[in-house]
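In this text, residue positions in the sequence shown follow this note's numbering: the first is 23, and each later residue adds one. Heads up, the beta-carbon is just placed ideally off N, CA and C, and yes, glycines get one too. Reviewing the structure listed below.
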Amino acid sequence: MNAMSAEASEPSAPEDTVGEARRLAPVHPRTMVEQAAEAVVAAAARGVFLPGDRLVEAEIARELGISRVPVREALRLLESQGIVVSTPYKGMRLMQVTNRAVAELMRVRTALEALALREILASGLATAERLAPARRAADRYNTVAEGPDTAAIVSADEAFHGELCRLSGNGVLHGIWLSVARQLSVVWGLGHDVRPKPRISAEHTEILDLLERGDLEGAQAALDRHLSWHEDLDFEQAVERRRQAKQRP
C-alpha cells in the first residue's frame with residue numbers, strides 16, 4: 023500500500039478534532055504581521071523612518087507587496103510595544119526619541135541586563151557550553167558589523183544582549199527585555215556609529231570572558247561601560263541632522 027492510499031485509509035478525525043485543528047491553523051497571517059512589524063523596525067534602524075515620521079499604512083503595504091490588513095495589524099502590534107504612536111487626526115507615527123526618554127529606557131535596559139548577569143552566575147550557567155549561544159551571537163555581530171546594513175548590525179547587537187537575558191533562565195526578565203527591545207532598535211539605529219565596531223565587539227567578548235571566569239563584579243563593570251555609550255550622544259540633534267540630510271536634494 024502506498025503512502026497516499028495508506029493516508030486515505032486512515033479514519034477521519036472526529037469533528038471536534040478537526041474544529042480544534044482549524045482554530046490552531048491560522049498562523050500564516052500572524053507570521054506576515056510579524057514580518058511587516060520587523061520590516062518597519064528595520065526601516066527605522068536604517069533611518070528610512072525617523073522618530074516622529076508618519077507611517078502610512080497604504081504606502082508600507084505597497085512597498086512590502088502585501089495587503090493593508092497585515093500592515094494595519096503590524097502597526098497595532100508596534101503601538102502596543104511603544105514603537106508606534108497613534109494620534110487622533112494625525113495617524114500612526116514612529117515613536118519620538120528625546121534625550122530624557124533614551125536615558126529612562128537605558129536605565130531600565132541596564133538594570134535588566136545587570137540582573138541577567140547576576141542570575142547567570144547564581145544559577146551556575148556561566149560555563150563555556152552554556153555561554154556558547156552568546157558567543158555565537160557575538161560572532162554574528164562581528165560578521166555583520168563589517169557590512170553596510172545598519173538594520174543587520176542593530177539586529178545582531180540586539181540578539182547578543184537578548185541572549186544574555188535568555189541565558190539568565192528568568193523568563194519574566196527575558197520577556198520584559200523583549201518588550202523594550204524594539205524601542206532599543208530605534209535608538210541603536212540613531213547611535214550605532216557612535217563608537218568603532220571593533221570596540222563593541224571587544225566589549226561583547228570581555229563580558230562573556232568575565233562571566234565564564236565567574237567574575238560578577240568585573241562583568242557588571244564591563245556591562246556598565248558597554249552600555250554607557252548613549253551618554254555621549256545628543257539624540258534630538260541626531261534626529262534633526264538625519265531629517266535635514268533626507269530633505270537635501
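Is the beta carbon of residue i sitting closer than 8 Å to the one on residue j?
i	j	result
A83	V70	no
L232	A241	yes
R68	A173	yes
L147	L189	yes
E185	P155	yes
G213	H183	no
V176	S145	no
R76	G113	yes
Going by other Cβ atoms of all chains shown within 10 Å of its Cβ, with 16 needed for buried, is residue i buried or exposed?
i	result
A59	buried
P220	exposed
S201	exposed
Y111	exposed
P73	buried
A260	buried
A14	The structure shown does not extend to residue 14, since the chain is modelled only from 23 through 271, so no value can be given for it.
S89	exposed
S108	exposed
R131	buried
For the alpha helix (DSSP H) holding residue i, just list the boundary residues, first then last.
i	result
T120	Where T120 is concerned, there is no enclosing alpha helix (DSSP H), given that its DSSP letter is neither H nor E.
T149	Looking at the DSSP string, T149 is not in any alpha helix (DSSP H), and its letter there is neither H nor E.
V70	It is not in any alpha helix (DSSP H) - V70 carries neither H nor E in the DSSP assignment.
Can you give me the Cβ contacts of residue i inside the same chain, cut-off strictly under 8 Å, excluding the 5 residues immediately before and after it?
i	result
L100	A59, V62, V63, V106 and R204
L195	L134, L137, A138, E141 and C187
E225	A244, R247 and H248
E258	V119, T120 and N121
Just grab the DSSP bridge partners of residue i for me.
i	result
R76	R115
Apart from the five residues just before and just after residue i, which ones in its own chain have a Cβ nearer than 7 Å to its Cβ?
i	result
Q266	none
A65	F71
Note the first and the last residue of the continuous beta strand (DSSP E) segment covering residue i.
i	result
S89	First-last for S89: undefined, no H or E at that position.
V107	V106 to T109
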